[in-house]
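Beneath this line is the structure, given in structure tokens, with notes to follow.
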Amino acid sequence: MTTFLKSAFQQLNSFTAIELFYIAIAVFTSIILGLISAMVFIMLAKSKQASRQKHLQAQFKQWLVSIILHEPEDKKTDFEIPATIALLLQKRFARRALLSELIRLKDNLSGQSGDNIQQLFNQLHLGNLSAHDMRSSKWYLKAKGIQELAAMEQKAYLPEIYTLTQHRHPVVRMEAQTALVYLQGYAGLTFFRQLAYPLTEYHQAKLLQLLANQPIPSPEMVRSWLVSPNPTVVQFTLKLISEQHATQFQEDVITCLSHPSELVRSQAISCLGEIPSAPAALALRTHYTSENSKALQLNILSGLLKTGTTNDLPFLHQLRQTPDEGMRLAVEKAIRHLQQQA
Amino acid sequence: MVHLYNLFHYGMLLYAVSMLGCYIFLSSLAIVEAVKYLRRSRLTNYNLLASSAQAPSVSILAPAYNEGANIIENVRSLLSIYYNNLELIVINDGSKDDSMAKLIQAYDLEPAHLDYAPQLATKNVKAVYKSTNPVYHKLLVIDKENGGKADALNAGINVAKNQYLVCIDVDCILEQDALLKLVRPFMDETRKKVIATGGVVRIANSCVFKNGKLMDINLPKEYLPRAQALEYIRAFLLGRMAWSNLNGLLLISGAFGAFDRQVAIAAGGYNHNTVGEDMELVVRMRRYMADRNIPYKVAFIPDPLCWTEAPASYQILGRQRNRWMRGTIETLNMHRKLFLNPKYGVLGLMSYPYWLFYELLAPVIEFTGFVLFLVLAFAGLINWSFFLVLTAFILLFGWLFSTFAILMEVVTFNQYRKPGDLRKLIVTALAEPFLFHPFVVWSSIKGIVDLLRKKKSWGEMTRQGFNTVPQTPNAST
Chain A
1 MTTFLKSAFQ
11 QLNSFTAIEL
21 FYIAIAVFTS
31 IILGLISAMV
41 FIMLAKSKQA
51 SRQKHLQAQF
61 KQWLVSIILH
71 EPEDKKTDFE
81 IPATIALLLQ
91 KRFARRALLS
101 ELIRLKDNLS
111 GQSGDNIQQL
121 FNQLHLGNLS
131 AHDMRSSKWY
141 LKAKGIQELA
151 AMEQKAYLPE
161 IYTLTQHRHP
171 VVRMEAQTAL
181 VYLQGYAGLT
191 FFRQLAYPLT
201 EYHQAKLLQL
211 LANQPIPSPE
221 MVRSWLVSPN
231 PTVVQFTLKL
241 ISEQHATQFQ
251 EDVITCLSHP
261 SELVRSQAIS
271 CLGEIPSAPA
281 ALALRTHYTS
291 ENSKALQLNI
301 LSGLLKTGTT
311 NDLPFLHQLR
321 QTPDEGMRLA
331 VEKAIRHLQQ
341 QA
Chain B
1 MVHLYNLFHY
11 GMLLYAVSML
21 GCYIFLSSLA
31 IVEAVKYLRR
41 SRLTNYNLLA
51 SSAQAPSVSI
61 LAPAYNEGAN
71 IIENVRSLLS
81 IYYNNLELIV
91 INDGSKDDSM
101 AKLIQAYDLE
111 PAHLDYAPQL
121 ATKNVKAVYK
131 STNPVYHKLL
141 VIDKENGGKA
151 DALNAGINVA
161 KNQYLVCIDV
171 DCILEQDALL
181 KLVRPFMDET
191 RKKVIATGGV
201 VRIANSCVFK
211 NGKLMDINLP
221 KEYLPRAQAL
231 EYIRAFLLGR
241 MAWSNLNGLL
251 LISGAFGAFD
261 RQVAIAAGGY
271 NHNTVGEDME
281 LVVRMRRYMA
291 DRNIPYKVAF
301 IPDPLCWTEA
311 PASYQILGRQ
321 RNRWMRGTIE
331 TLNMHRKLFL
341 NPKYGVLGLM
351 SYPYWLFYEL
361 LAPVIEFTGF
371 VLFLVLAFAG
381 LINWSFFLVL
391 TAFILLFGWL
401 FSTFAILMEV
411 VTFNQYRKPG
421 DLRKLIVTAL
431 AEPFLFHPFV
441 VWSSIKGIVD
451 LLRKKKSWGE
461 MTRQGFNTVP
471 QTPNAST
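Just so you know, the sequences run in chain order A and B. Its first residue numbered 1, the first sequence is counted upward by one per residue in UniProt numbering. Its first residue numbered 1, the second sequence is counted upward by one per residue in UniProt numbering.
Set out below in structure tokens:
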């Protein structure tokens, strides 16, 4: 044992020669100094960039205000670009700064002011910068480029944006899909036909917000989404039906109660709660017994709160015997609610 | 004796080098994760969630014990959070002061009958209050017998009806968009279930607040809170970001974290038998998912979302670190089955061993090393030139890690950008191994001793209160 330890320590000794530590100390010290220099450099660069940005914004301000307030007699007339601004815009960073400013303004303005901003964007061919970003190999530039082109309603780029709706990077495809819907409304949802990736909850919320004030144009289109092999497309469609209180799809929603995906069944239950009717309540009651998930059974009871009538009371009274306390409370709540309604 | 010395010498060296390797590995992962998050975040408009009916519903749980001095302002701050689909549940955990009376009066509370089936055992709930004033319709106050933080949170979970729970310390100040950012990860995953998310907690000492909102960020003026500010930057921006990248997070700060309500209940809620209930719940929820082979994720947001007051005295800091150490040991002991268990993947093979060797054992090894050093020094067995070089090596690595953390802060969120802040942070880092770290090690050792003596106390945490500017008239509602 002693011999083994001796030889082990001798071996270790060769790796832990004091000279190695001197080298390590020198390396660490150099790295620390390098990091501190980098820190100072970055702080200075950030501060310089911020002041340059501020300076540019101040230079653009008056000019952009006049453009926002401009009431054109002829839409085809270009805006006048002051010589100082024209000179400034020859520099790439100034064009980038103006592009960001225009995007920010466009997000907050509508009507003529928004149109003016868009016209200026077109006049200065800033779409080329965004398109350049969209064609970059870096996902975050691609996504940014798509966002800018959509914000400025650059429909000429739609075919190119469409090809990115199936991009492997989730952010890129989300931006491309959002852009299509932003620019084309329901027609932009054509990518649903071949959507290989799931839609995240966040993305669904984004798309629903864009479609919030637009009535569903074609029942056939919605019905085709409800039988999509992609469960998240079905889930999105059910949310859309709920938000629009589209009662004409009630039968289709009821069919979704037997969907193999729990996600879809859960959404269908919520959806039926939003489009109250006797068939909806009956469907929920019937589905209750065949549903294995306790969470979904609770959802059904919440749904009956919204959609049920006194006709549902006998069914609910039967459920009072359930041993599950949480379920029993939900049943009692539903009974009380329906009795009060009566 | 020589072999003993060599064992000590090489053992310490091996430990230091392996720790160094871990830190370098984690730092690289943290960079990747932070860059990815920032790029993504720049493309996101969080306001969408504020107005969307599709935003997930959230219940904020804020346990309070003897918080009478600031409870009204703290609740007002929480009620002003920018999120629509929200309920705020304040749990008065048997306070001995006038917290409850103040809440009843300030928010027009009246006892309410709630239909709920308690799914977690708690001390007796005396009453649940709701406000008669529609302005405070989001507020619910639970008045219960004292049972500790875990018990109070469980009482809140029983009453909560929303999809996600956000557990916070009532005296924390949240950024206005904190919830919007915190719930986003729950909506971003399709292949894995996100069971919890955590956000960065920052030190509020010396910052200025008005009407419960952060107005001005300052680096703490006192040394101890400043050292903790640096420690939090290291822990959150490097440590947790890296573990988030690996999906190996074991801890979401008790001061601010979000959980899936159903999973939290199914896993059994907060454990009353540990003072590290925040870490224990995360570990148990992870085990719950892993045992059922359900793909899951614990996410982390590097944005500074929550501001909390750090202990400014050695006495309070000592109590806090003592408790943290006891909580860590209790949690690791309760879940020792995870250790190097391949069934639990990253959790068993990486996270648990890391916490065991570099969080739990680090103070023990450091302390033992120091004692052995004294013994060997008295025995005349120290090779002083080698000792000094080794000490310099370890000190420099510590400084290197802190400097890197400060650089990450500058590159990412750059919260401390006032003239002199950078210099003060670097000086704080240089002084840390002499003024801060030895005390933390000592407090941890005391924590171990207290645990062996079966001491279970939480340790009183006295707060100094935030710097505030006068309230705007009529801004209270």
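Even for Gly, the Cβ is constructed at its ideal location relative to N, Cα and C. No experiment lies behind these values; they were computed from the predicted model shown.
{"query": "Measure the beta-carbon distance from residue 237(B) to residue 428(B) and round it to whole angstroms, keeping in mind my assumption that it falls under 8 Å.", "result": "About 16 Å; that fails the 8 Å criterion."}
{"query": "Taking the beta carbon of residue 44(A) as the centre, do at least 16 other beta carbons fall within 10 Å, making it buried, or is it exposed?", "result": "exposed"}
{"query": "Where does residue 472(B) sit, in a helix, a strand or coil, going by DSSP?", "result": "With a pLDDT of only 44 at residue 472(B), under the threshold of 50, the placement of this residue in the model should not be trusted, and no figure is reported."}
{"query": "Would you identify the three-state DSSP class for residue 92(B), choosing helix, strand or coil?", "result": "strand"}
{"query": "With 7 Å as the limit, tell me which residues of the region 200-230 of chain A have their beta carbon closer than that to any beta carbon of chain B; keep them in chain order.", "result": "200, 201, 202, 204, 205, 206, 208, 209"}
{"query": "Looking at chain B, is there any beta carbon in it that lies within less than 8 Å of the beta carbon of residue 161(A)?", "result": "no"}
{"query": "Find out if the Cβ-Cβ distance for the pair residue 190(B), residue 260(A) is shorter than 8 Å.", "result": "no"}
{"query": "Give me whichever residues DSSP pairs with residue 256(B) in a beta bridge.", "result": "168(B)"}
{"query": "I'd like to know if residue 35(A) contacts chain B, where contact means its C-beta is closer than 8 Å to some C-beta of that chain.", "result": "yes"}
{"query": "In the DSSP assignment, what are the bridge partners of residue 64(B)?", "result": "92(B)"}
{"query": "Of all the alpha helix (DSSP H) runs that stay within the bounds of the region 269-311 of chain B, which reach a length of 4 or more residues?", "result": "277-291"}
{"query": "Just to confirm, is the Cβ distance from residue 243(B) to residue 131(B) under 8 Å?", "result": "no"}
{"query": "Quick one: grab the DSSP three-state call for residue 202(B).", "result": "strand"}
{"query": "Based on Cα-Cα distance, which residue from 119(A), 64(A), 242(A) lies nearest to residue 97(A)?", "result": "64(A)"}
{"query": "For a contact meaning CB atoms closer than 7 Å, what does residue 399(B) contact in chain A?", "result": "32"}
{"query": "Report the three-state DSSP secondary structure of residue 208(B) (helix, strand or coil).", "result": "strand"}
{"query": "Quick one: grab the DSSP three-state call for residue 143(B).", "result": "strand"}
{"query": "Going by DSSP, which residues form a beta bridge with residue 176(A)?", "result": "According to DSSP, residue 176(A) bridges with nothing at all."}
{"query": "Please state if the CB of residue 439(B) and the CB of residue 314(B) are separated by a distance shorter than 8 Å.", "result": "yes"}
{"query": "So which residues on chain B does residue 43(A) lean against when the C-beta distance must stay under 9 Å?", "result": "410, 414, 417, 422"}
{"query": "How do the region 366-374 of chain B and the region 191-204 of chain B stand: do at least 3 beta-carbon pairs fall below 8 Å, yes or no?", "result": "no"}
{"query": "Any Cβ of chain A within less than 8 Å of the Cβ of residue 495(B)?", "result": "No statement about residue 495(B) is possible, as the shown extent of chain B runs from 1 to 477 and does not include it."}
{"query": "Check for me: the beta strand (DSSP E) holding residue 215(B) runs from which residue to which?", "result": "213-216"}
{"query": "Please report the straight-line C-alpha distance between residue 177(A) and residue 149(A), rounded to a whole angstrom.", "result": "13 Å"}
{"query": "Which parts of the region 64-108 of chain A are runs of the alpha helix (DSSP H), unbroken and 4 residues or longer, counting only runs that do not cross its ends?", "result": "83-88, 92-108"}
{"query": "Where do the N-terminal and C-terminal ends of the beta strand (DSSP E) with residue 130(B) fall, by residue?", "result": "125-131"}
{"query": "Return yes when the Cβ of residue 393(B) is within less than 8 Å of the Cβ of residue 441(B), no when it is not.", "result": "no"}
{"query": "What number of angstroms, rounded off, separates the C-alpha of residue 188(B) from the C-alpha of residue 200(A)?", "result": "5 Å"}
{"query": "Taking residue 92(B) as the reference, give the member of 289(B), 149(B), 42(B) with the closest Cα.", "result": "149(B)"}
{"query": "In chain B, which residues lie with their C-beta within 9 Å of the C-beta of residue 186(A)?", "result": "Those within 9 Å of residue 186(A) in chain B number zero; the least Cβ separation is about 18 Å."}
{"query": "Under a Cβ-count criterion, where at least 16 other Cβ atoms within 10 Å of its own Cβ denotes burial, should residue 23(A) be classed as buried or exposed?", "result": "exposed"}
{"query": "Jot down the residue ranges of each uninterrupted alpha helix (DSSP H) in the region 408-457 of chain B, minimum 4 residues, whole runs only, in chain order.", "result": "421-435, 437-452"}
{"query": "Tell me whether residue 237(A) sits in a helix, a strand or coil according to DSSP, three-state version.", "result": "helix"}
{"query": "Does residue 475(B) come within less than 8 Å of chain A when only Cβ atoms are used?", "result": "The predicted model places residue 475(B) with a pLDDT of 34, which falls under 50 and marks its position as unreliable; any figure quoted below should be read in that light. For residue 475(B), the answer is no, since every Cβ of chain A falls outside 8 Å of its Cβ."}
{"query": "Relative to the alpha-carbon of residue 363(B), which residue among 418(B), 185(B), 306(B), 322(B) has its alpha-carbon at the smallest distance?", "result": "322(B)"}
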